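Participant: Start counting at 1 in the sequence shown, then tack on 1, and there's your number in the working numbering.
Every residue gets a Cβ at the ideal spot worked out from N, C-alpha and C, and that includes glycine.
These numbers come from a predicted model, not from an experiment.
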Amino acid sequence: ISVQQLITIAEEVGFINEITKWVIKKVIKQIKHWKSQGIDMNVSINLSSRDFNESICEYTLNCLKCHDIEPTALEFEFTERSIIEDEERVLSELSLLKKLGVKLSLDDYGTGHNSLHYLTNPSFYFDYIKIDRAFINAITEEKTRLLISGIIDTAHVQGIEVIAEGVETHEQLKIISEINCDHVQGYYFSKAMPPESLSHLIAIGEYKR
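Structure below.
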């Protein structure tokens, strides 16, 4: 069974909140473990609007307090599509976490129906937007490069940092660096790995944030 199938089933049977809480607790405990090793590492968690509600918000804050972790070490990612499902409620509840320092990211930016709204909405700003890999795949084309450059410039005006998703080649990295993107992620650097492997790479000096 795939992860997506598992999530779909969990949502259908009303068990998704328990899984979400388990993931949040697991991540916060991992951050604490890294902290004890002298590793300053922030972690992001992908959520949907169905995952997120008042109880999840309260649970997150309690977990952070219980493990003595600063809220800024945690980041929640939401896609545009998931927010549209229940925008007013989700943004209202996210505002509390944002005020307390939890970082918020808009994932797959550019694939939704109202992208500019979330970039320029004066009532709520995300800390980060993540440009979808579909744009990065086409970044060697001038029109796409100019579009991405415009998104980055607009985000910076609002004080929002930009992350490029799906960077896989040196050429993509070079172009995205030239247009002042703040952060990049993708297989060019590494595929997904367990926490223990990442800790080892940091320990031997082969990984830099």
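Could you pull out every residue in the same chain whose Cβ sits closer than 6 Å to the Cβ of residue 77, ignoring the five residues on either side in sequence?
Facilitator: By 1-based counting over the sequence shown, the position of residue 77 is 76. Contacts found: 46, 48 and 105.
Participant: Would you tell me roughly how many angstroms separate the C-alpha atoms of residue 148 and residue 68, rounded to the nearest one?
Facilitator: Your numbering for residue 148 matches position 147 in the sequence shown. Your numbering for residue 68 matches position 67 in the sequence shown. Those two C-alpha atoms are separated by around 42 Å.
Participant: How many Å lie between residue 169 and residue 56 at the Cα?
Facilitator: Walking along the sequence shown from the start, residue 169 turns up at place 168. Walking along the sequence shown from the start, residue 56 turns up at place 55. Going by the C-alpha atoms only, they are around 38 Å apart.
Participant: Buried or exposed, going by whether 16 or more other CB atoms sit within 10 Å of the CB of residue 156?
Facilitator: As a first step, residue 156 is located in the sequence shown; it is residue number 155 there, counting from the start. Buried is the call here.
Participant: My output table needs one value for residue 68: the three-state DSSP class, helix, strand or coil.
Facilitator: Counting from one through the sequence shown, the residue named residue 68 turns up at place 67. If DSSP states are grouped into helix, strand and coil, residue 68 belongs with coil.
Participant: Among the candidates 128, 121 and 122, whose CA atom is the shortest distance from the CA of residue 100?
Facilitator: Counted from its first residue, the sequence shown places residue 100 at position 99. Per the Cα distances, 128.
Participant: Roughly how many angstroms separate the alpha carbons of residue 177 and residue 164, rounded to a whole number?
Facilitator: By 1-based counting over the sequence shown, the position of residue 177 is 176. By 1-based counting over the sequence shown, the position of residue 164 is 163. Taking the straight line from one Cα to the other gives about 10 Å.
Participant: Specify, as a first and last residue, the run of the alpha helix (DSSP H) that residue 106 falls within.
Facilitator: Locating residue 106 in the sequence shown gives position 105, counting from the first residue. Careful: residue 106 lies outside any alpha helix (DSSP H), inside the beta strand (DSSP E) at 104-110.
Participant: Going by DSSP in three states, residue 181 sits in which element: helix, strand or coil?
Facilitator: Counting from 1 along the sequence shown, the entry for residue 181 is found at position 180. Here residue 181 sits in coil by DSSP.
Participant: Can you list, in chain order, the residues of its chain with a C-beta nearer than 7 Å to that of residue 182? Leave out the 5 residues immediately preceding and following it.
Facilitator: What you label residue 182 is simply residue 181 of the sequence shown in a count that begins at 1. Closer than 7 Å at the Cβ level, and outside the excluded window around residue 182, lie 153, 163 and 165.
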